[in-house]
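Heads up: the structure comes next, in C-alpha cells.
Residue numbers (this note's numbering): 34 to 515.
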C-alpha cells in the first residue's frame, strides 16, 4: 500500500484551519454516535446531569457544616444561664459557710478561757448552717444534672446532639463520595476541553468537602470536651459538698448527742469533720486539674470516634480553599450552567470561607486566653480560691484540736477557733469573688450583645447564611436530594 505524504506548508493557512475544524467535528461526531444521541442533545444532557450532581454535592457539604454549628449552638445558648445559676449556688454556699464558720470560730475564741461555759447549741447551730450550705451545693448539682439530662434528651429528639450529628455527617459524607464518583464518570463522557474544566471544579468540591469535615471534627470535639468538663465539674462539686456536709453533720451534731456522757470520745470523734474538710478542700483545689484532664481525655476519644466513622481524611486547608475560589471561577459558557447557578455557588463558597475564617478567629482568641482561664480555674478551685484553701486550714485546725489537744480544752478552743475564723474570712472573700465575677460576666455579655458579638449570635447568623446559600443553590438548578 502506497503512503501519500502531504506537506502542510504547501497549503494556505485558512485551508489548514478548515482541516483542523473538520477533524474536531469528526471526533465529536464519533463521540455522539457512540453515545447514540444527537450532537446538541448528548452534550447538553451530560452537562445538565453534572450540574445537578454538583449542586447536590454543595448542598450536602453545607449540611455538614450546619450540623457542626448546630451542636455548638446548643452548648453556647445554655452557657450564660448555667453560669448564672451556678453563681447563685456558689454565693449561697459561701455566704452560709462563712456565717457558720464565724459563729463557730468566734464562739470558741470567746470561751477559750472558760470552755465549760460554752453553750452547746451555739456550735450546733453553726454546724447546721454549714450543713445547709452543703445542702445547697448538693441540691444545685442535682438540679443542674437533671436539667442537663432533659436538655440532652431534647437534643437527641431534634438530632442536634453530637452522637446523632456524627451519624448524619457519616451518611452525608458517604453520599458525597458516591456523588463525586458519579460526577467523574459523567465528566469522562465529555470532550477533553470540557472534561478538564469539570476536573478543576471537582478539585474545588473536594477541597470544600475536606474543609467542612475538618470544621465539623473541630466543633464536635470541642462540644464533647465541654460536656465532659461540665460533668466532671458537677460530679466533683457534688461529691465535695456531700462529703463535707456529712462530716459536719456527724462531728457537729450526731457525735455530741451520741457521746454526751463521754467527753473524750465526743472530742476525738468530732475530729472527723476536720478530716473531711481537709479532704474536700484539697479536692476543690485539684478540681480544675481533674476537669481539664477529663476535657483532654474526652477530646482524644472523640477524635478516635470520628476517625472510625469518617476516616482520617485530608485536613481542610482554608488558605488552599480560598486560592481555589480565587483561581477557579465557574465558566459562564458552560452548557446549561446559568448565571444564577454561578452566583449561587459563589455565594455558598463565600459563606463557607467566611464562617471558617470567623471560627479560626474565635479559636485564636480562645487559645490566647487559655492560660488566663486555667489560672483562674486553679484559683477558683471549683467554687472560690479562698474558701478552698481556708477549708483545708480549718480542717487542719479542727483535726489538731481533736487529736492533739483532746484533754486540753483551752488549747483546743484556740486552735479550732482560729481555724474557724480563717475559714470564715476565706468564704467571705469567696462571696466577693462570686459577686465580682458575676458583675464582670454580665457587663461583658451586655456589651457583646449590643455589638452583636455573642458567640450564640454569631452562630445564629452563620446558620441563616448557610440556609440562604443552600436555598439559592436549590432554586438555581436541579439539586433534589436523593
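Backbone N, C-alpha and C fix where the C-beta goes; we use that ideal spot for every residue, glycine too.
Check                                                                                                                                                                      : Outcome
Exposed or buried, residue 477, counting other C-beta atoms within 10 Å across all chains shown (16 or more means buried)?                                                 : exposed
By how many angstroms is the C-alpha of residue 232 removed from the C-alpha of residue 225?                                                                               : 10 Å
For residue 147, which three-state DSSP category applies?                                                                                                                  : coil
Is the distance from the Cβ of residue 431 to the Cβ of residue 452 below 8 Å?                                                                                             : yes
So, under 8 Å CB-CB, residue 483 and residue 145 are touching, yes? Tell me the CB distance rounded to an integer number of Å.                                             : With 8 Å as the limit, residue 483 and residue 145 do not qualify as a contact, their Cβ atoms being about 56 Å apart.
In whole angstroms, give me the CA-to-CA distance for residue 461 and residue 182.                                                                                         : 33 Å
Which of the three DSSP states is assigned to residue 486 in this structure?                                                                                               : coil
Go ahead and pull the three-state DSSP assignment for residue 453.                                                                                                         : helix
I'd like the span of the alpha helix (DSSP H) that includes residue 160, first residue to last.                                                                            : 153-191
If distances are taken between C-alpha atoms only, which option among 459, 238, 501, 307 comes closest to residue 437?                                                     : 307
Check whether the region 157-164 touches the region 486-494, counting contact only when three or more Cβ pairs, one atom from each stretch, lie closer than 8 Å.           : no
Counting Cβ pairs, one atom from each stretch, are 3 or more of them under 8 Å apart for the region 257-271 and the region 147-154?                                        : no
With a threshold of 7 Å on Cβ separation, who are the neighbours of residue 305 within its own chain once the five nearest residues in sequence on each side are excluded? : 280, 283, 284
Would you mind giving the Cβ-Cβ distance between residue 467 and residue 124, rounded to the nearest angstrom? I have them listed as a contact below 8 Å.                  : 5 Å
Hey, residue 102 and residue 390: beta-carbon distance below 8 Å or not?                                                                                                   : no
In three-state terms, what does DSSP make of residue 441?                                                                                                                  : coil
Count Cβ pairs between the region 239-258 and the region 332-344 that sit closer than 8 Å; are there 3 or more?                                                            : yes
Do you know offhand how far residue 197's Cα is from residue 240's?                                                                                                        : 25 Å
Looking only at C-alpha atoms, which of 215, 108, 173, 497 sits nearest to residue 79?                                                                                     : 215
Going by CA-CA distance only, name the one from 116, 427, 322, 247 that's closest to residue 393.                                                                          : 247
Would you grab the beta carbon distance between residue 96 and residue 252 for me? Rounded to a whole angstrom, and I think it's under 8 Å.                                : No, residue 96 and residue 252 are not in contact; Cβ-Cβ is about 14 Å, not under 8 Å.
Three or more C-beta pairs under 8 Å: does that hold for the region 373-387 against the region 496-505?                                                                    : yes
Which residue's Cα is closest to the Cα of residue 207: 121, 94, 275?                                                                                                      : 94
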